[in-house]
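> So that you can map any letter, position 137 of the sequence shown is 145 in my numbering, and since no number is skipped, the others follow by simple counting.
Okay, handing you the structure first.
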Amino acid sequence: MTIVVKNLENEQATVAMGQLIAQHISPPLTVFLTGDLGAGKTTLSRGIIQSLGHKGAVKSPTYTLVEPYELNGFDVYHFDLYRLADPEELEFMGIRDYFNPTSICLVEWPEHGQGLLPQADLHLHLHYKDDQREIEVNALSAAGQTILTKLK
9 MTIVVKNLEN
19 EQATVAMGQL
29 IAQHISPPLT
39 VFLTGDLGAG
49 KTTLSRGIIQ
59 SLGHKGAVKS
69 PTYTLVEPYE
79 LNGFDVYHFD
89 LYRLADPEEL
99 EFMGIRDYFN
109 PTSICLVEWP
119 EHGQGLLPQA
129 DLHLHLHYKD
139 DQREIEVNAL
149 SAAGQTILTK
159 LK
């Protein structure tokens, strides 16, 4: 099932969409975020992470590969695999340990870790539509379907 939400006309609308998604998610959950450079993946992630309770800045993990956020009783791991040279690097960093029953994992550029990442529950695809952005939300599991139904 797919929902297409149009009119993410600016950064505030993208953050607001992240806040809406955050209202309906809980661990364990894996979310893939895809789209061109600058399409709003990190901005959407910031809306999700801050809405889940993180009070500080949310920075892009482009160079660190992962930024951890310890929240009330669970962890959020924000991955950016854009600069990943080889998916095997994920094995060396212990990638499987991040995907556990008490974590929400947000993964930007998941195609760079293909074969080593678990199946996503939700796939959020952002793309340019004229001078705005459009988001496609796809459910890939029963947990994703429950979230998608709530987002309608």
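Glycine included, every Cβ here is placed at the ideal spot set by N, Cα and C.
Inspect the beta-carbon positions of proline 35 and serine 149 and report whether they are closer than 9 Å.
No. Outside cutoff.
> Compute the Euclidean distance between the alpha carbons of isoleucine 155 and threonine 51, then round it to the nearest angstrom.
Distance between the alpha carbons of isoleucine 155 and threonine 51: 20 Å.
> Go ahead and pull the three-state DSSP assignment for aspartate 94.
The answer is coil: DSSP assigns aspartate 94 none of H, G, I, E or B.
> Using C-beta distances below 7 Å, list every residue in its chain close to alanine 151, excluding the 5 sequence neighbours before and after it, in chain order.
Answer for alanine 151: Leu37, Asp129, listed in chain order.
> Looking at arginine 91 and tyrosine 71, is the spacing between their C-beta atoms short of 9 Å?
Yes.
> Please report the residue range of the alpha helix (DSSP H) in which valine 23 lies.
Its alpha helix (DSSP H) spans residues 19-30.
> Measuring CB to CB, does histidine 86 end up less than 9 Å from proline 109?
Not a contact, by the Cβ cut-off of 9 Å.
> Along the chain, where does the beta strand (DSSP E) that runs through threonine 42 open and close?
Here the beta strand (DSSP E) through threonine 42 covers 37-42.
> Grouping DSSP H, G and I as helix and E and B as strand, with all else coil, what is tyrosine 136?
Tyrosine 136: strand per DSSP, three-state reduction.
> Which term fits isoleucine 57, buried or exposed, when burial requires 16 or more other beta carbons within 10 angstroms of its beta carbon?
Classification of isoleucine 57: buried, given that the 10 Å Cβ count is 16 or more.
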